[in-house]
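> In the working numbering, the protein residues as written are -14 to 123.
Ideal Cβ placement from N, Cα and C applies to all residues, glycine included.
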Amino acid sequence: MSKETVLVPVDVSSDHDRSRMFDEVAEHAGRGAQVVLMTVVPEIYLATTVDAKGMIKAMMDHAAIRLGDVATAAPFEVADQIVRYGPVAPGIIDVAAETGATLIVINARSRDRTAYLLGSVASRVANHARCSVHVVRA
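1. Check each candidate in Q19, A37, V68 and name the one with the smallest Cα separation from G85.
2. Nearest-angstrom Cα distance between D(-4) and V25?
3. So for L102, helix, strand or coil by DSSP?
4. Thinking A93 and A123 are a contact (beta carbons under 8 angstroms), I'd like their distance in whole angstroms, please.
5. Have a look at D46 and V55 and give me their C-alpha separation to the nearest angstrom.
6. Name the one or two DSSP bridge partners that D65 has.
7. Between the alpha carbons of V121 and I91, how many angstroms are there, rounded?
8. Rounded to the nearest angstrom, how far is the Cβ of A114 from that of A81, given a contact under 8 angstroms?
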């Protein structure tokens, strides 16, 4: 029997409450699942002469530090931490495939009209991931 791998995408740009999502993940970890935390730094389009590569690297470095803080505070052991840059939902789906995730546990926080018009990250992940997706309402 292969070990379950749970991918947990987190938005490190805010300190919203992750307790319900982490409770769900802790149940899987308690049954021996490997937990992988990840975040995606969203693509930015710069119309400036600023060094875009340097700015992206700085944003990814900052995201890695924040993700490390989240991992330290998590009530379960984290096997790996991954930071990506690009479109958020496809980034999550790609990491799920690369890590062999058997489950993605993701928060759904947005209840504004933009989410209804454009679709939330959680709904795009749920619709396109090749593994099961557990959406936790925050």
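Answer, in terms of the structure:
1. Residue Q19 holds the alpha-carbon nearest to the alpha-carbon of G85 among Q19, A37, V68.
2. A straight line joining the alpha-carbon of D(-4) with that of V25 spans about 8 angstroms.
3. Residue confidence for L102 is low, a pLDDT of 49 falling below 50, so the modelled location carries little weight and cannot support an answer.
4. Confirmed, about 7 angstroms.
5. Their backbone Cα atoms lie some 14 angstroms apart in a straight line.
6. DSSP links D65 through a beta bridge to V21.
7. Using only the alpha carbons, I get a separation of about 6 angstroms.
8. The pair is a contact, with the Cβ atoms about 6 angstroms apart (cut-off 8 angstroms).
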